[in-house]
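Novice:
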Amino acid sequence: MQQAFDDARRAGLSNPAVVGVIPFDKAQPSRLFVPRHLAFLPPSAPPTAICGLPCGAARSCIEQPGRAGFCDAVNQALDLLREGRIDKAVLSRLLQLEFDEPPCAQTIFQGLRQQNPEAYHFAVDLPGEGVLIGASPELLLRKHRRAFSTNPLAGSAKRSLDPLTDAEAARALLDSAKDQHEHRLVIDDLERQLRPLCRTLNVPPAPTLLKTARLWHLSTRIDGELQDELSALRLACRLHPTPALCGFPTAAAKQVIAELEPFDRGVFGGIIGWCDAAGNGEWAVVIRCGIIQQTRVRLFAGAGLVSASCPEAEWRETGTKLGTMLAAFGLDKEAV
Ligand SMILES: C=C(O[C@@H]1C=C(C(=O)O)C=C[C@H]1O)C(=O)O
């Protein structure tokens, strides 16, 4: 990386940066590069109207696993949770769509921005794999000098178009012992990892609510100041994957995921962002995303499981999460 930074400086960049994606499994190769041209732009307003349709109707749609397979995997994870082998596992599923014509990545990206203005939007070409596009609500790390923030999410509820029902869903999520427990496992683990590295660390005692267009999430924003310099890339890699995307304890949860998920997550559940030569940077979790590879599109969604989880509810939750991307393809007409 140092060599690439030096080359970029010689090419005229005063503060080069590394940008790209690190997969869910850190043992897999990362897709990082040091661009020769780099611009940090002020955030622009999301488009208010989208020109043209992103794609036609899907010719086929394969669920991997389907409902029965997913519920079966959740039940197997629940056995391990109840035996005390793990405290939390995040299981995911994928939807593979086939179109007659390649969908227009640019139109889909703009649709995602319009529908999810608050999200971390990304669109990146993964050589040989397609274009990764997403609108993630989850910040793994933002770091400037020694000050940093992380904002893990865990515990989710579907939103409603009806304001009263929507407010009730939010209240029920805050009151849910199962979701609070699922969230706490993430916060406690992050705190354990961060505390020894920090001069100051502020961990709020209870989560607040964060909303996307379709979901409520339990959210805790943690702020701190590092004792020693550690680049945003190094710190992000140390924290990734958090129990929000993997489970807890990390190694055992990873093993459960490898045994129970019928596909390789690849970059799904990974992290995407940048880190400059001074060590500043920002990394978001790769969720609410999909990969467009010519006429084939793969969309991913997962849900955290604890011993009080119910397979059908987790299936529905992953369905709601998939709705974020489906809507951008014009394939889910639900307004929230
Ligand atoms: C795994 C996903 O989301 C993660 C799991 C959540 C949960 O289990 O409640 C909430 C936000 C994310 O940390 C996803 O969106 O695919």
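Count the sequence shown with full-length UniProt numbering and you get residues 1 to 336, in order. Every residue gets a Cβ at the ideal spot worked out from N, C-alpha and C, and that includes glycine.
Check whether the Cβ of Gly-247 lies closer than 7 angstroms to any heavy atom of ligand 1, and answer yes or no.
Specialist: Outside the cutoff, so no.
Novice: Please give me, in chain order, every unbroken run of the beta strand (DSSP E) with length at least 3 that falls completely inside the region 23 to 80.
Specialist: Entirely contained in the region 23 to 80, the beta strand (DSSP E) runs reaching 3 residues are, in chain order, 31 to 33, 60 to 64.
Novice: Are Asn-75 and Ala-277 touching if we call contact CB-CB under 8 angstroms?
Specialist: Against a cut-off of 8 angstroms, the Cβ pair of Ala-277 and Asn-75 comes out as no contact.
Novice: Buried or exposed: where does Ile-62 fall if 16 or more other Cβ atoms within 10 Å of its Cβ makes it buried?
Specialist: That one is exposed.
Novice: For His-121, does the count of other Cβ atoms within 10 angstroms reach 16, so buried, or fall short, so exposed?
Specialist: It is buried - the Cβ of His-121 has at least 16 other Cβ atoms within 10 Å.
Novice: At a cut of 8 angstroms, does the region 280 to 290 reach the region 130 to 145 through at least three beta carbon pairs?
Specialist: Because the criterion of three Cβ pairs below 8 angstroms is met, the region 280 to 290 and the region 130 to 145 touch.
Novice: With DSSP as the reference, label Cys-198 as helix, strand or coil.
Specialist: Of the three classes helix, strand and coil, the one that applies to Cys-198 here is strand, per DSSP.
Novice: Would you mind listing the alpha helix (DSSP H) stretches within the region 170 to 222 that are 4+ residues and don't spill past its ends, in chain order?
Specialist: Fully enclosed alpha helix (DSSP H) runs of 4 or longer: 177 to 194.
Novice: By Cβ distance, which residues of its chain are closer than 6 angstroms to Asn-202, with the 5 residues on each side in sequence left out?
Specialist: Result list for Asn-202: Asp-223, in chain order.
Novice: Between Gly-269 and the rest of its own chain, which residues show a CB-CB distance below 6 angstroms, the 5 nearest in sequence each way excluded?
Specialist: The answer, listed in chain order, is Phe-24, Leu-245.
Novice: Mapping DSSP to helix, strand and coil, what is Cys-237?
Specialist: DSSP places Cys-237 in helix when its eight states are reduced to three.
Novice: Expressed to the nearest angstrom, what Euclidean distance is found between the alpha-carbon atoms of Asp-188 and Asn-151?
Specialist: Spanning the two alpha carbons is a distance of roughly 13 angstroms.
Novice: Between Arg-171 and Leu-164, what straight-line distance do the alpha-carbon atoms span, to the nearest angstrom?
Specialist: Between Arg-171 and Leu-164, the C-alpha separation is close to 11 angstroms.
Novice: Under a three-way DSSP split, which group does Ala-253 fall into?
Specialist: Residue state, collapsed to three classes: helix.
Novice: Along the alpha helix (DSSP H) that carries Ala-328, what are the first and last residues, could you check?
Specialist: Per DSSP, Ala-328 belongs to the alpha helix (DSSP H) from 311 to 328.
Novice: Where does Ile-108 sit, in a helix, a strand or coil, going by DSSP?
Specialist: Here Ile-108 sits in helix by DSSP.
Novice: Within the present structure, is the beta-carbon of Glu-63 separated from the nearest heavy atom of ligand 1 by less than 7 angstroms?
Specialist: Because no heavy atom of ligand 1 lies under 7 angstroms away, the Cβ of Glu-63 does not count as near it: no.
Novice: Starting from the C-beta of Ala-327, find all residues in its chain whose C-beta is less than 7 angstroms away, skip the five residues before and the five after it, and write them out in chain order.
Specialist: Excluding sequence neighbours, Ala-327 sits near Gln-115.
Novice: Is it the case that the Cβ atoms of Gly-330 and Leu-53 are separated by a distance below 8 angstroms?
Specialist: Going by C-beta atoms, Gly-330 is nearer than 8 angstroms to Leu-53.
Novice: Considering only their Cβ atoms, is the gap separating Phe-248 from Lys-88 smaller than 8 angstroms?
Specialist: Yes, they are a contact pair.
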